[in-house]
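Beneath this line is the structure, given in structure tokens, with notes to follow.
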Amino acid sequence: MNINSTITLNNGVEIPRLGLGVFKSTPGPETEQAVIYALDAGYRHIDTAQIYRNEKDVGEAIRKSEVQRDDIFVTTKIWNNNQGYDKTLRTFDESLGVMGFEYIDLLLIHWPLEELRKDTWKALEELYKNKKCRAIGVSNYTIRHLQEMDDYAEIMPAVNQVEFHPYLYQKDLLEYCLQKNILIEAYTPLTRGEKLKDENLLAITKHYEKTPAQILIRWCLQHDLVTLPKSVHRDRIIENADVFDFSISDTDMKMLDSFHENFRVAWDPSDVP
Ligand SMILES: NC(=O)c1ccc[n+]([C@@H]2O[C@H](COP(=O)([O-])OP(=O)(O)OC[C@H]3O[C@@H](n4cnc5c(N)ncnc54)[C@H](OP(=O)(O)O)[C@@H]3O)[C@@H](O)[C@H]2O)c1
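In structure tokens, the structure reads:
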């Protein structure tokens, strides 16, 4: 496994295992610079969203870099205000325009809005059929939301992007997605920094010449997930990608798995009907 390693989605598209997240990267130079640092460090996967208000900067950075657009995997997500069939189609075009792209690699529904998620999915299917995006998926879907798709989806999602780290080891969801050939993308892999000083994590970190952040990222990779650490700092962007020259032992993987405590740093979709 290395930084160029990919996983094949259920429609045959290859997705790089490691991506740069840009949630809370300030729109403007900060995001643009972070993406450039990441591309320089070898990342080929960027995860943005309409609500991050930095799609434009992601597009600019990619144009400025020496890496070809086709060699970079870009994800964006339809925000809640933009859900519904017509609005999704319209605002997807706006996103494309803002980014200056002909297509998006992966388009996600950001959140399973009860009243609108079905119509929004129909719009994503339309965009996929029209080759405006190479893959479509969902985010923050529980098993229930995915099961419901059996009734209305013509195309099943390629991806479910959810919060996932040792402190929120969503085993049932992972097993369900594996069964259905839906890839889990792990967001907030670093717990937004909240658990980086956890004693149990530090104890495992001691077995390797690696940082707690690198252990958390490697844990996702060894579970065969795609993961999306965010940083705007060059040294951390490099650090977060320096995870391909070691592996966590089976014993330590099991220990990390046991950290699960239903701890969340982001929104919880469990109660969304
Ligand atoms: N679909 C969704 O609903 C959803 C929700 C949340 C996140 N996401 C995606 O997942 C990505 C990652 O999640 P996230 O940004 O919320 O959290 P995260 O990646 O778990 O943590 C990011 C935080 O950790 C810091 N950090 C980064 N690398 C570090 C390192 N090596 N050592 C110490 N601290 C480090 C960052 O600070 P600096 O930037 O200052 O370095 C930032 O404060 C997002 O950017 C977004 O693309 C999706």
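The numbering used here applies: residue 838 is where the sequence shown begins, and numbers increase by one. We treat Cβ as the ideally placed atom computed from N, Cα and C, and that holds for glycine. The structure displayed is predicted, hence computed values, not measured ones.
Check: Taking the alpha-carbon positions, what's the proline 949 to threonine 912 distance?
Finding: Here residue 949 is taken as the residue at index 112 of the sequence shown, counted from 1. Here residue 912 is taken as the residue at index 75 of the sequence shown, counted from 1. Their Cα atoms are separated by approximately 17 Å.
Check: So which of Arg1071, Ser1086, Asp1082, Phe1083 has the shortest CA-CA distance to serine 862?
Finding: Here residue 862 refers to the residue found at position 25 of the sequence shown. Checking every option, the nearest Cα to that of serine 862 belongs to Arg1071.
Check: For tyrosine 1006, which residues of its own chain have a beta-carbon under 6 Å away from its beta-carbon, when the five flanking residues on both sides are left out?
Finding: As a working mapping, residue 1006 is identified with position 169 in the sequence shown. Closer than 6 Å at Cβ, skipping near neighbours: Asp1094, His1097.
Check: Buried or exposed: which applies to arginine 1055, given that a residue is buried once 16 or more other Cβ atoms fall within 10 Å of its Cβ?
Finding: For this step, residue 1055 is matched to residue 218 along the sequence shown. The residue is buried, with at least 16 neighbouring Cβ atoms inside 10 Å.
Note to self: Alpha carbons only, please: which of Glu991, Ile980, Arg981 is nearest the one belonging to threonine 960?
What the structure shows: Stepping through the sequence shown from its first residue, residue 960 is reached at position 123. Here residue 960 is alanine; the residue named in the question, threonine, does not match the sequence. Nearest of Glu991, Ile980, Arg981 to alanine 960, Cα basis: Glu991.
Notebook entry, point to check: Can you tell which of Val904, Asn977, Arg1101 has the C-alpha that lies nearest to the C-alpha of serine 916?
Noted result: To locate residue 916, count along the sequence shown from 1; it is residue 79. According to the sequence as given, residue 916 is tryptophan; it is not serine. Nearest of Val904, Asn977, Arg1101 to tryptophan 916, Cα basis: Asn977.
Item checked: Three-state secondary structure (DSSP) of histidine 1002 -> Residue 1002 sits at position 165 when you count from the first residue of the sequence shown. In this structure, histidine 1002 counts as strand in the three-state DSSP scheme.
Checklist line | Selected residue, minimal CA-CA separation from serine 1086, among Asp1108, Ile1075, Lys1067, Thr1042 | finding: Indexing the sequence shown from 1 puts residue 1086 at position 249. Measuring from the Cα of serine 1086, the nearest candidate turns out to be Thr1042.
Next item on the list: Look up aspartate 1061 in the DSSP assignment and say whether it is helix, strand or coil.
Entry: Here residue 1061 refers to the residue found at position 224 when the sequence shown is read from its first residue. If DSSP states are grouped into helix, strand and coil, aspartate 1061 belongs with coil.
Notebook entry, point to check: Hey, alanine 875 and leucine 857: beta-carbon distance below 8 Å or not?
Noted result: In the sequence shown, counting from the first residue as 1, residue 875 sits at position 38. In the sequence shown, counting from the first residue as 1, residue 857 sits at position 20. Yes; because the gap between Cβ atoms is below 8 Å, this pair is in contact.
Check: How would you write the range of the alpha helix (DSSP H) that valine 935 sits in, first residue to last?
Finding: Position 98 of the sequence shown, counted from the start, is the residue given in the question as residue 935. Per DSSP, valine 935 belongs to the alpha helix (DSSP H) from 922-936.
Notebook entry, point to check: leucine 1038 and isoleucine 1052 look like a contact to me (Cβ under 8 Å); what is the Cβ gap, rounded to whole Å?
Noted result: Counting from one through the sequence shown, the residue named residue 1038 turns up at place 201. Counting from one through the sequence shown, the residue named residue 1052 turns up at place 215. At roughly 7 Å, the Cβ-Cβ gap stays under 8 Å, so leucine 1038 and isoleucine 1052 are in contact.
Next item on the list: Report yes if the C-beta of glycine 974 is less than 7 Å from at least one heavy atom of ligand 1; otherwise report no.
Entry: By 1-based counting over the sequence shown, the position of residue 974 is 137. No, the Cβ of glycine 974 stays beyond 7 Å of every heavy atom of ligand 1.
Next item on the list: Report the option in Ile1019, Tyr989, Leu983, His1060 whose CA atom is closest to the CA atom of proline 1110.
Entry: On the sequence shown, position 273 is the one that residue 1110 refers to. Minimum Cα distance to proline 1110 is reached at Leu983.
Check: Taking 7 Å as the cut-off, does the CB of tyrosine 1024 come closer than this to any heavy atom belonging to ligand 1?
Finding: The residue you call residue 1024 lines up with position 187 of the sequence shown. The answer is yes for tyrosine 1024.
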